[in-house]
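Counting from 411, one number per residue, gives the positions in the first sequence under this note's numbering. Backbone N, C-alpha and C define an ideal beta-carbon position, used for all residues, glycine too. Notes follow once the structure below has been shown.
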Amino acid sequence: MGKELTSRSEDYSQWYNELVKKADLAEHSDVRGCMVIKPYGYSIWEKMQQTLDKMFKDTGHVNAYFPLFIPKSYLAKEASHVEGFAKECAIVTHYRLKNSEDGKSVVVDPDAKLEEELIVRPTSETVIWNSYKKWIQSYRDLPILINQWANVVRWEMRTRLFLRTAEFLWQEGHTAHSTADEAVKETLQMLDVYAEFAERHMAVPVVKGKKSEGEKFPGAIDTYCIEGLMQDGKALQAGTSHFLGQNFAKAFDVQFAGKDGKLDYVWGTSWGVSTRLMGALIMAHSDDDGLVLPPKLAPIHVVIVPIFKTDDEFNRISEKVNEISAELRKHNITVKFDSRDTHKPGFKFAEWELKGVPVRLAIGPRDLENGTVEVARRDTKEKKVMNIDSVAVDVLVLLDDIQKNIYQKAFKLREEMTTQVDTFDEFKKVMEEKGGFVLAHWDGTKETEAAIKEATKATIRCIPLDAPEEKGVCVFSGKPSSKRVLFAQAY
RNA sequence: CGGGGCGUAGCGCAGUCCGGUUAGCGCACCUGGUUUGGGACCAGGGGGCCGCAGGUUCGAAUCCUGCCGCCCCGACCA
């Protein structure tokens with residue numbers, strides 16, 4: 411099948427690109443920067459959606475859907491917002507095609523020009539706040555806690571499957587509140603939801619923090635984020651949560667009457683995670699043999715590979731497999747019986763490893779005789795022979811152990827790849843030789859941030875929320891600083 | 001959007017410099033047989049607008065021009 415992967419040490423980005431394609435997650439479409447998410451990749455995304463959606467509902471949010479197209483004038487209403495997105499918007503200018511003169515193709519009908527051009531949403535704050543204006547009159551209408559699952563388009567110059575594509579899938583939460591305090595609480599609550607999802611479900615440890623002025627969302631007062639560290643030592647922003655203040659309420663004139671009868675502008679938040687999480691998942695855990703998926707997000711938990719020579723053997727094994735599968739399914743374990751007789755077991759082993767299935771069972775004639783089954787775990791590649799009667803419970807325990815183990819492994823890597831530095835020479839040395847996260851003092855200015863980026867390619871990923879107060883001096887300017895911030899080269 | 005590389009069968013590539021029978025190879029695919037506890041083997045077979053569009057030429061995968069796409073490096077971004 412020719413599915414040997416380039417190793418990570420040889421060429422990390424080539425490894426990533428090949429893995430995405432060979433594990434059947436996604437491929438490039440014919441449209442520049444867009445991707446086809448294939449069924450196996452999409453089923454992982456669906457699992458993410460299901461989990462997140464439940465977490466959103468559990469925190470009081472409801473789903474709705476707002477349009478793909480945004481009138482151009484909406485975008486212009488919030489100054490920093492339009493400035494942030496103007497360079498990467500797709501624009502609809504016409505609504506009709508017609509046959510070309512020679513009849514061989516179709517052309518845009520110049521008579522069908524739109525009066526007001528439409529922007530394909532790069533995010534939905536503007537359309538949503540336009541609706542909120544109609545929905546909100548009094549404090550009794552608040553809060554509004556809405557999420558939507560949607561696609562958005564940002565015309566990126568340089569794209570990579572899942573990590574940065576021109577069109578991507580995401581969820582965007584948009585909430586409206588009567589007080590700043592409540593909106594800030596919401597912003598931080600959703601940051602916690604994201605962090606919990608990343609750590610408990612994706613098994614990716616993340617740092618919660620606040621973005622610097624330069625890195626924050628256009629239109630936000632404060633942007634919070636979760637940052638993960640990939641195996642190549644680069645950081646990946648895995649989710650963002652914004653405190654919008656009254657910026658969009660003012661831009662769209664959304665006011666409410668308080669209990670005292672006075673009018674005030676509504677306070678807002680927005681928060682989102684995208685199919686970029688797929689990239690984080692892949693890069694955090696996978697190895698040179700292919701994907702490594704955390705059981706909580708794996709579309710298939712257990713693959714069963716029969717080993718047989720004759721039809722009779724196959725039939726007897728199948729019978730046993732059906733029993734085991736039924737037992738596993740009782741425990742909510744997803745099982746795939748690879749009964750193909752067109753491939754040898756070794757081939758199947760390699761293929762399912764490439765696809766990251768957490769647990770593999772192999773059953774052959776010897777096992778039938780001995781009442782055993784061979785159990786292999788994807789994360790460590792260990793194999794054990796287990797008693798066939800208790801396999802369901804053993805697998806349940808094993809899946810739990812795999813989930814924990816890959817988190818621990820990622821956590822340990824992050825610990826090893828996080829370095830405290832106190833001089834700029836150290837900073838540069840770490841960035842050049844080791845990579846990863848660097849904790850350093852920063853004077854809080856844009857100029858220093860830019861200068862450090864210029865010199866090292868590292869940006870401020872965030873100001874960690876749990877950063878201890880610590881007197882120090884900025885590694886670059888020598889000016890005083892009260893806490894360390896997190897630097898890294900980033901995706 | 002700037003610099004570099006690439007585009008030939010589903011995938012990976014040779015052939016391109018120096019134009020000339022019928023465009024090759026490995027994997028995959030189809031048929032038959034032998035196989036099956038870590039990517040099987042033998043035999044036979046099918047599959048090509050040589051990225052697209054022009055041009056030069058008796059003749060173009062090969063030379064020229066334009067365009068499209070992908071990868072890498074920069075600037076920009078989730």
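Residue environment, residue i, which counts as buried when at least 16 other CB atoms sit within 10 Å
i: Asp670; result: exposed
i: Tyr475; result: exposed
i: Leu552; result: buried
i: Asp414; result: According to the sequence shown, residue 414 is Glu rather than Asp. Looking at its Cβ environment, which holds fewer than 16 other Cβ atoms inside 10 Å, Glu414 is exposed.
i: Thr533; result: buried
i: Ala786; result: buried
i: Gln647; result: buried
i: Gly781; result: exposed
i: Gly756; result: exposed
i: Lys605; result: Sequence check: residue 605 is Ala here, not Lys. Under this definition Ala605 is a buried residue.
i: Asp468; result: exposed
i: Val745; result: buried
i: Ala860; result: exposed
i: His491; result: buried
i: Tyr525; result: With the sequence shown as reference, residue 525 is identified as Glu, and Tyr is not the correct amino acid for it. Glu525 should be labelled exposed.
i: Leu673; result: exposed
i: Pro878; result: exposed
i: Arg531; result: buried
i: Lys620; result: buried
i: Met458; result: buried
i: Gln581; result: buried
Spatially closest choice to residue i from the options, by CA coordinates
i: Thr752; options: Pro716, His611 and Gln424; result: Pro716
i: Gly629; options: Phe662, Met640 and Ile447; result: Phe662
i: Glu836; options: Ala865, Tyr817, Ile812 and Tyr422; result: Ala865
i: Arg550; options: Ala586, Val516, Pro520 and Thr575; result: Ala586
i: Gly700; options: Asn427, Ala433, Asp421 and Ala868; result: Ala433
i: Val702; options: Ser483, Thr790 and Val801; result: Thr790
i: Leu691; options: Leu429, Lys543 and Gln899; result: Leu429
i: Val676; options: Gln460, Ser588 and Glu729; result: Ser588
i: Lys822; options: Pro615, Ser541, Lys543 and Arg442; result: Pro615
i: Phe834; options: Ala760, Phe627, Ala593 and Phe886; result: Phe886
i: Ser423; options: Trp559, Ser680, Met465 and Gln641; result: Gln641
i: Asp853; options: Lys844, Trp681, Gly678 and Ser891; result: Ser891
i: Ala500; options: Leu485, Asn725 and Val783; result: Leu485
i: Gly774; options: Glu729, Ala522, Ala659 and Gly766; result: Glu729
i: Glu763; options: Val712, Val502 and Gly888; result: Val712
i: His851; options: Leu896, Ile529 and Met796; result: Leu896
i: Asp591; options: Gly655, Cys872 and Met796; result: Gly655
i: Leu778; options: Gly846, Phe572, Thr685 and Phe718; result: Phe718
i: Phe495; options: Ile538, Trp455, Tyr542 and Val562; result: Val562
Where residue i sits in the DSSP three-state scheme
i: His695; result: helix
i: Phe897; result: strand
i: His471; result: coil
i: Ser437; result: Sequence inspection shows Glu at residue 437; the Ser mentioned does not correspond to that position. The answer is strand: DSSP assigns Glu437 an E or B state.
i: Gly412; result: The predicted model places Gly412 with a pLDDT of 43, which falls under 50 and marks its position as unreliable; any figure quoted below should be read in that light. Gly412: coil per DSSP, three-state reduction.
i: Asp674; result: strand
i: Met458; result: helix
i: Gln599; result: helix
i: Met640; result: coil
i: Ser728; result: helix
i: Thr858; result: helix
i: Gly882; result: strand
i: Met827; result: coil
i: Ala802; result: helix
i: Ala868; result: coil
i: Asn780; result: helix
i: Ser684; result: strand
i: His491; result: helix
i: Gly649; result: strand
i: Arg770; result: strand
i: Trp425; result: helix
i: Arg739; result: helix
Rounded distance between the beta-carbons of residue j and residue i, thought under 8 Å
i: Lys856; j: Glu623; result: 6 Å
i: Ala576; j: Cys444; result: 5 Å
i: Leu555; j: His471; result: 5 Å
i: Ala898; j: Val848; result: 7 Å
i: Ile636; j: Lys618; result: 6 Å
i: Val683; j: Leu435; result: With a Cβ gap of about 17 Å, Val683 and Leu435 do not count as contacting.
i: Gln813; j: Pro705; result: 5 Å
i: Val517; j: Lys523; result: Not really, about 13 Å apart at Cβ, beyond 8 Å.
i: Gly451; j: Met688; result: 7 Å
_Quick check on the DSSP output: what are the complete alpha helix (DSSP H) runs of length 4 or more inside the region 579-631, in order along the chain?_
Runs of alpha helix (DSSP H) with 4 or more residues, each lying fully within the region 579-631, are found at 590-606, listed in chain order.
_Length at least 3, wholly inside the region 509-589: the beta strand (DSSP E) runs in chain order_ = Taken in chain order, the unbroken stretches of beta strand (DSSP E) that lie wholly in the region 509-589 and span 3 residues or more are 516-518, 523-530, 554-563 and 577-587.
*Would you mind listing the beta strand (DSSP E) stretches within the region 700-727 that are 3+ residues and don't spill past its ends, in chain order?*
712-716
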